[in-house]
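Residue numbers (our numbering): 414 to 884. Take a look at the structure below.
Spelled out as structure tokens, the structure:
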């Protein structure tokens, strides 16, 4: 698909380029922050070095008799220290000075004994922006004897040229470090982030283009970080969505088929009912023994057909809320369910709902909920059903309990899914699905509260005001 390739290429180029530029920018910013104190330190060391050279020159003169100290020697010593003049002051107030061709006025006096860091940084940048040669008077202490003060008169231009050369070396080194670091970071992020994100994007785009196409999902990753989690979750999501879409397609096909055969099926069931009525009038004992089972089979067929057609035709219940006694409704549902399976002897339907508990809901739809739950209990082999209810915190809580064998863990995961959650061999798997849709339409809920060898409990919740059903 051209769109997939284009999107993936754009992701790789755009994100990679941004990472490269940002890495270089941040490294250069770090180097700039390091450069300020570094160039300041270089200037200070440069001046301290000239103080040391100046003291060495004075030591050479002090160690020689005055008669042997010639002007040529002084000039050579001053040239070695790159200075115009040197003044040395000792504690005994002894002053030694040598000079040559002293320039005019002093432009700037620098006292190295002042160690204020911000001042050194600002002075260093002031040197870099100068365009003329200033005459400097540098004052410092002797590195051998802190009590001795040394003053040097020198040009600023050579120091500025040395600082420019040092800055150039720092810049070149920074560029090398920046691009080397950026390359390593780019390669690492490309392998760890960009390329996996490209595969995720390609898989998402392909899935969006044709979600029902049976193509392999994104390969599962063994990575334990967020990217690996995203790849695994995307694969799971794609599989689930694809399965859901396929199921929806099957349901749509089933709905169309049921709608077409419903009329003919009802006619066939009507004929079967008429035949069973005639059989019931026959006095033959064998016929009388078979007739109840025939009634039961036809009744279940009618219920299954009606449930399937109702679910397919009206997936979202349309409500007509009214005020009624919940106890009466539960009693009617029990009376409806009990005759459906006459072969189950000793079946009891216990209505423990308070007589004064009123609800505002669609009576017919809520009747379907209790009827479906009762049918599921019968089909599962329950012999006792108990319905309890109470009003708590603005909600109506209803517990539908049976003493059946319970629901398996595998079935519990999809118990409310259509055509998959049937609790008995005779069901369609729509009973609980319909019950859930009705409860949700009322603004309530239904959930499996407990299931085990001692029975099953469904917890139903209804708003105290009856919900906001759709009219």
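Backbone N, C-alpha and C fix where the C-beta goes; we use that ideal spot for every residue, glycine too.
In this structure, the CA atom of residue 568 is about 25 Å from the CA atom of residue 559.
In the structure shown, residue 737 adopts extended strand secondary structure according to DSSP, grouped into three states.
Here residue 463 is buried. Its C-beta has 16 or more other C-beta atoms within 10 Å.
Residue state for residue 855 is assigned as coil, using DSSP reduced to three classes. For residue 732, the three-state secondary structure derived from DSSP is coil. For residue 609, no beta strand (DSSP E) encloses it; the enclosing alpha helix (DSSP H) starts and ends at 608-622. The straight-line gap separating the alpha-carbon atoms of residue 522 and residue 547 is approximately 10 Å. When DSSP reads this structure, residue 799 sits in a beta bridge with 763 and 814. According to DSSP, residue 860 shares a beta bridge with 872.
Note on residue 563: 16 or more other CB atoms within 10 angstroms of its CB, so buried under the neighbour-count rule. Sequence-distant Cβ neighbours of residue 519 in its own chain, meaning closer than 6 Å and more than five residues away, are 548 and 550. Contact annotation: residue 848 and residue 764 have beta-carbon atoms that are not nearer than 8 Å. In the structure shown, residue 786 adopts helical secondary structure according to DSSP, grouped into three states.
In the structure shown, residue 565 falls within a strand segment according to DSSP collapsed to helix, strand and coil.
623 is the residue among 637, 623 and 670 whose C-alpha sits nearest the C-alpha of residue 658.
Minimum Cα-Cα distance from residue 497 among the listed residues 466, 525 and 527 corresponds to 466. Straight-line spacing of the CA atoms in residue 618 and residue 603 works out to 20 Å. The way I'd put it, the stretch 527-546 does touch the stretch 450-457; three or more beta-carbon pairs between them come closer than 8 Å. Using a Cβ distance threshold of 8 Å, residue 871 and residue 813 count as a contacting pair. Cβ contact annotation for residue 429 (same chain, cutoff 7 Å, sequence separation greater than five): 599, 603 and 607, in chain order.
Taking a C-beta distance under 8 Å as the contact criterion, residue 851 and residue 781 qualify as a contact pair. Counting of Cβ neighbours within 10 angstroms places residue 815 among the buried residues, the total reaching 16 or more.
Residue 739 and residue 862 have their C-alpha atoms some 21 Å from each other. The C-beta distance from residue 460 to residue 525 rounds to 6 Å, short enough to meet the 8 Å contact threshold.
With a contact defined as Cβ atoms closer than 8 Å, residue 810 and residue 874 qualify at about 6 Å.
Under the DSSP definition of a beta bridge, residue 554 partners with 562.
DSSP, read as helix, strand or coil, puts residue 808 in strand. Taking 8 Å as the cut-off, the Cβ atoms of residue 595 and residue 471 do not count as close.
Residue pairing from DSSP leaves residue 519 without any beta-bridge partner.
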